[in-house]
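Peer 1: My numbering puts the first residue of the sequence shown at 7, with every later residue one more than the last. Ideal Cβ positions, reconstructed from N, Cα and C, are used throughout, including at glycine.
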Amino acid sequence: MSGEKKEKKYSIKTDFSLLAILIIPIAVAVNFVGAQLASILKLPLYLDTIGTIFASMLCGPWIGALAGGLTNVINGITNPVNFAFIPVNVIVGLVTGFLARGNMFSIWWKWLISIILMALASIISAAPIVVLLFGGITGDGSSLVKAALMATGTNIWLAVIGSDGIFNVIDRIISYFISWFIIKVIPNRTLIKFGCGGNYIKKNKDTIVSSENPAGEP
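#1: Three-state secondary structure (DSSP) at Phe89?
#2: Taking the alpha-carbon of Val36 as reference, which of Thr20, Gly74, Ile18, Asp21 has the nearest alpha-carbon?
#3: Using the Cβ count rule (16 or more neighbours within 10 Å means buried), how would you classify Asn161?
#4: Nearest by alpha-carbon distance to Met110: which of Ile167, Cys202, Lys14, Phe140 is it?
#5: Which residues bound the alpha helix (DSSP H) around Pro50?
#6: Helix or strand or just coil, what does DSSP make of Ile65?
#7: With a threshold of 16 other CB atoms inside 10 Å of the CB of Ser17, please say whether the residue is buried or exposed.
#8: Does the Cβ-Cβ distance between Asn85 and Thr58 come in under 8 angstroms?
#9: Specify, as a first and last residue, the run of the alpha helix (DSSP H) that Asn205 falls within.
#10: Between Met156 and Lys48, what straight-line distance do the alpha-carbon atoms span, to the nearest angstrom?
#11: What does the alpha-carbon distance come out to for the pair Thr55 and Ser181?
#12: Quick one, which of Leu123, Gly145, Gly142, Val136 has its alpha-carbon nearest Leu100's?
#13: Could you check how far apart the C-beta atoms of Val98 and Thr144 are, in whole angstroms? I think they sit under 8 angstroms.
#14: Mark Thr158 as exposed unless 16 or more other C-beta atoms lie within 10 angstroms of its C-beta, in which case mark it buried.
#15: Report the three-state DSSP secondary structure of Thr58 (helix, strand or coil).
#16: In or out: Phe89 buried (at least 16 other Cβ within 10 Å) or exposed?
#17: Compare the beta carbon distance of Asp177 and Leu51 with 8 angstroms and say whether it is the shorter of the two.
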């Protein structure tokens with residue numbers, strides 16, 4: 007029936023539109039600047055997934071994963087430790103992108119769940135790398151907290167997971183809201199050209215028609 011809402015179909019091919027590909031270097035640059043800022047100021051945060059989360063929320067998981075992986079390759083040039091965490095940034099991109107596909111950033115309780123899931127994905131993927139490869143200390147701002155906890159006799163796994171858990175949630179909240187505010191200032195006619203952009207448009211008859219036919223074809 008013509009009045010029925012069509013379910014959008016996703017694929018890797020459709021994710022990699024020209025506009026989406028152009029988002030990748032922007033996301034990598036934002037991640038690089040955030041990581042350098044956190045490093046210079048010795049913050050217990052990372053700020054190196056803002057661009058990844060933005061790209062994933064807007065374009066889907068595959069663009070986000072690629073932006074995340076490239077970020078750690080670039081950051082690894084200045085700090086080789088980042089090479090070990092390539093899988094973490096890739097996983098952040100995938101998890102955020104699939105949450106975006108499921109429209110999990112539409113209302114407050116959904117984005118709350120999403121932020122927790124995004125933080126858990128980072129903790130679960132990063133903790134073994136931090137503990138097994140670096141003995142709990144990677145030289146970032148949060149390493150001081152981990153070292154202090156371990157000095158009091160706290161188990162290394164508990165120290166890493168506990169400190170990273172707190173800082174990852176804070177980091178994801180900051181990254182999410184920065185990404186959200188940027189997305190909200192993008193015009194509707196541009197949003198519908200991205201894989202998940204239609205999720206951030208207040209639906210009405212005109213935007214539904216436009217999202218189903220972004221090229222304006224008859």
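Peer 2: Straight from the coordinates:
#1: Locating residue 89 in the sequence shown gives position 83, where the first residue counts as 1. Helix, per DSSP.
#2: Here residue 36 refers to the residue found at position 30 when the sequence shown is read from its first residue. Of the candidates Thr20, Gly74, Ile18, Asp21, the one whose C-alpha sits nearest the C-alpha of Val36 is Gly74.
#3: Taking the sequence shown and counting its residues from 1, one reaches residue 161 at position 155. Exposed, because fewer than 16 other Cβ atoms sit within 10 Å of the Cβ of Asn161.
#4: Counting from 1 along the sequence shown, the entry for residue 110 is found at position 104. Checking every option, the nearest Cα to that of Met110 belongs to Cys202.
#5: By one-based count along the sequence shown, residue 50 stands at place 44. Taken as a continuous stretch (DSSP letters only), Pro50 belongs to no alpha helix (DSSP H), as it is neither H nor E.
#6: Counting from 1 along the sequence shown, the entry for residue 65 is found at position 59. The sequence shown places Cys at residue 65, rather than the Ile named in the question. Note: Cys65 maps to helix in three-state DSSP.
#7: In the sequence shown, the residue the question calls residue 17 occupies position 11. Its Cβ having fewer than 16 others within 10 Å, Ser17 is exposed.
#8: As a working mapping, residue 85 is identified with position 79 in the sequence shown. As a working mapping, residue 58 is identified with position 52 in the sequence shown. Contact flag unset, no.
#9: Position 199 of the sequence shown, counted from the start, is the residue given in the question as residue 205. Where Asn205 is concerned, there is no enclosing alpha helix (DSSP H), given that its DSSP letter is neither H nor E.
#10: Here residue 156 refers to the residue found at position 150 of the sequence shown. Here residue 48 refers to the residue found at position 42 of the sequence shown. Rounded to whole angstroms, Met156 to Lys48 spans 19 angstroms at the Cα level.
#11: The residue given as residue 55 occupies position 49 in the sequence shown. The residue given as residue 181 occupies position 175 in the sequence shown. Looking at the two C-alpha atoms, the distance is approximately 7 angstroms.
#12: One-based indexing of the sequence shown puts residue 100 at position 94. Nearest C-alpha to Leu100: Leu123.
#13: Along the sequence shown, read from residue 1 onward, the residue named residue 98 stands at position 92. Along the sequence shown, read from residue 1 onward, the residue named residue 144 stands at position 138. About 17 angstroms separates the CB atoms of Val98 and Thr144; that is not less than 8 angstroms, and the two are not in contact.
#14: Walking along the sequence shown from the start, residue 158 turns up at place 152. Label assigned to Thr158: exposed.
#15: Within the sequence shown, residue 58 is the residue found at index 52, counting from 1. The answer is helix: DSSP assigns Thr58 an H, G or I state.
#16: For the purposes of this step, residue 89 is taken as residue 83 along the sequence shown, with counting starting at 1. Its Cβ having fewer than 16 others within 10 Å, Phe89 is exposed.
#17: In the sequence shown, the residue the question calls residue 177 occupies position 171. In the sequence shown, the residue the question calls residue 51 occupies position 45. Yes. Within cutoff.
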